[in-house]
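> Below is one structure. I have some questions about it.
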Amino acid sequence: MAFVRTANIDGRRLMRYAVYFCPAPASALAALGRDWLSRELATNGIPGIALARWNAMLADVRRYGWHATLRSPFTLSPDVDLSDLRRTLQAVARAHAPINLALRCARLAGFPALRPLGDCKAVNALAAACVEAVEPLRLPLAETDFQRRASGLDAIETHYLGRYGYPYVFERYRFHMTLSAPASVEEERALQRWLSLRASMLPTARIDALTLCVESSPGAAFEPLERIALQKVSAA
């Protein structure tokens, strides 16, 4: 298991990248995300949850954005640049066709999230391909980061954390779009009531692109850099 002393080698190395599914900007799912993360809800909240609690619950979602993770955040190795990463993701995109997934509100490890209904084989394969493709470009975790993140993981997850910098890959991967921080049963009911009034905004998700995102400095919001369209034609 290889470690580096620190990922903060220089200013450029402070950047982290991630590969996400982000809904197409004109889609109903993207509109739902804009409403969910809107200034209006940040100011007024939703019925059933106190405003301060609401904003605390959504702090990380606002930072990471309206997305589902395909390849978790990582730092590029010193001998790799952004053009290498783009070429790698373009190759992944050429090998995969767009995917349709119906979504529902469900709990995942205590977090309210949008989760898929039905077969997840195609999106699981896409996520696995992103993990494997990015791996040669990624700076290994610092040993201190590994030790901190390994707490509470089982043996397989610990192995994946050391090997890939993230424990929830391959058979441990679960496609999801996080709605908030962990919520009580009553809070989750309030979230579901809000979503139920917008059921028409939860159509089948169209996963038609990889979105490359960047965290420009530690703690900054992840911002989209590029949408890379999935190009393989599905078999009729």
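FYI, the numbering for the sequence shown is 47 to 282, going by my numbering.
We treat Cβ as the ideally placed atom computed from N, Cα and C, and that holds for glycine.
(1) So what does Y66 bridge to, in DSSP terms?
(2) Within a Cβ cutoff of 6 Å, which residues of the same chain sit near A251, ignoring the five residues on either side of it in sequence?
(3) With DSSP as the reference, label C151 as helix, strand or coil.
(4) Determine the extent of the beta strand (DSSP E) in which F157 is found, giving its start and end residues.
(5) If we ignore side chains and look at the alpha-carbon of each, how far apart do P213 and A159 end up?
(6) According to DSSP, is A137 part of a helix, a strand, or is it coil?
(7) So, at 7 Å on beta carbons, what are the nonlocal neighbours of Q136 in its own chain, with the 5 sequence-adjacent residues on each side left out?
(8) I need the straight-line Cα distance from P162 to I202, nearest angstrom please.
(9) So what does DSSP say about R220, is it helix, strand or coil?
(10) Could you tell me which residues DSSP pairs with N146 in its beta bridges?
(11) For E181, report the span of its beta strand (DSSP E) as first-last.
(12) Please state if the CB of H142 and the CB of Y318 are separated by a distance shorter than 7 Å.
(13) Check this for me: beta carbons of R140 and Q238, under 7 Å apart or not?
(14) Please name the residue in V107, S73, A72 and P71 whose C-alpha comes closest to that of A286.
(15) For R244, which of helix, strand or coil comes out of DSSP?
(16) Please determine if the segment 228 to 245 and the segment 161 to 179 are in contact, where contact requires at least 3 C-beta pairs separated by less than 8 Å.
Concretely, from the data shown:
(1) Residue pairing by DSSP places Y66 opposite T115 and T257 in a beta bridge.
(2) Hits under 6 Å: L75, L147 and L149.
(3) Strand.
(4) Per DSSP, F157 is one residue of the beta strand (DSSP E) stretching across F157 to L163.
(5) Taking the Cα positions, P213 is about 19 Å away from A159.
(6) Helix, per DSSP.
(7) Same-chain partners within the cutoff: I274.
(8) The straight-line gap from Cα to Cα measures roughly 24 Å.
(9) Collapsing the DSSP output to three states places R220 in coil.
(10) BP columns for N146 point to R252.
(11) No beta strand (DSSP E) holds E181; DSSP gives it neither H nor E.
(12) What the structure shows of the chain is the stretch from 47 to 282, and residue 318 is not part of that stretch, so it cannot be assessed.
(13) Cβ distance not < 7 Å, so R140 and Q238 don't count as in contact.
(14) Examination of residue 286 is not possible in this model, given that the chain is present from 47 through 282 alone.
(15) Three-state DSSP puts R244 in coil, outside helix and strand.
(16) Contact between the segment 228 to 245 and the segment 161 to 179 is absent, because fewer than three Cβ pairs lie under 8 Å.
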